[in-house]
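Below: one structure, written as structure tokens.
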Amino acid sequence: MELVACAYDDPMAVKLIAEVQQEYVLRYGSEDETPTDPAEFRAPPGHFVLGVLDGDPVACGGWRSHDSGEPGFWDGDAEIKRMYVAARARGRGFARLLLAELERSAAAAGRRRTVLETGTRQPEAIALYVSSGYVEIPKFGYYRDSPASRCYGKELSGRV
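Spelled out as structure tokens, the structure:
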């Protein structure tokens with residue numbers, strides 16, 4: 001799988017984001033309603049990538065910058081959003097590759113920690129994050145009061 005930087009609102013990214021939203025509908029009964037602005041994922045304050053396999057976009061994910069002026073965040077945070085691998089490409093380690101690229105690019109941009117919100121109905125995502133060194137942190141963001149929400153963070157110091 002080749003990882004390619006793109007805009008959050010690139011047509012190929014929009015297609016995969018629609019797929020991940022449908023995954024949320026299946027698992028939680030509705031789409032993720034967290035406010036997002038495509039501009040938040042443009043460099044330098046953010047980053048978005050597609051995973052392309054034989055010309056087919058099969059994965060996506062990005063991060064957007066946050067700092068301590070926002071509730072629940074620290075200075076230097078990079079919030080991971082829309083991390084997704086299409087069903088047709090799962091089980092090949094692509095999510096781990098994508099996560100490593102998001103961490104690498106966030107560290108290269110001077111971010112100190114990656115944070116994310118996921119849910120209890122995504123046990124495979126939780127397993128990926130925990131096995132990649134993420135620890136549970138206090139809840140933040142749109143779903144901070146949801147009992148199904150879980151938030152994780154990982155320090156990036158020394159990574160480039």
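Just so we're aligned, residue 1 is where the sequence shown starts under the UniProt record's numbering, counting upward by one. Where is the CB? At the ideal position from N, CA and C, for every residue including glycine.
Asked: Beta-carbon contacts of His66 that lie in its chain and below 7 Å, excluding the five residues immediately before and after; Found: Phe73, Asp77, Glu79
Asked: Burial state of Val49, where buried means 16 or more other Cβ atoms lie within 10 Å; Found: buried
Asked: Option in Glu103, Gly62, Pro138, Tyr129 with minimal Cα separation from Ser157; Found: Glu103
Asked: Candidates Ala89, Ala109, Arg27, Ser105, of which the one nearest Gly55 by Cα; Found: Ala89
Asked: The region 111-131 touching the region 10-17, judged by at least three CB pairs closer than 8 Å; Found: no
Asked: Residue interval of the alpha helix (DSSP H) (run including Pro11); Found: 11-28
Asked: Three-state secondary structure (DSSP) of Tyr8; Found: coil
Asked: Arg150, buried or exposed, once every other Cβ within 10 Å from all chains shown has been counted against 16; Found: buried
Asked: As assigned by DSSP and simplified to three states, the class of Ala100; Found: helix
Asked: Beta carbon of Gly61 nearer than 8 Å to that of Met83; Found: yes
Asked: For Pro38, the three-state DSSP class (helix, strand or coil); Found: helix
Asked: Cβ neighbour criterion (16 or more within 10 Å) applied to Ser105; Found: buried
Asked: Straight-line gap, Ala108 to Arg64 (C-alpha atoms, nearest Å); Found: 13 Å
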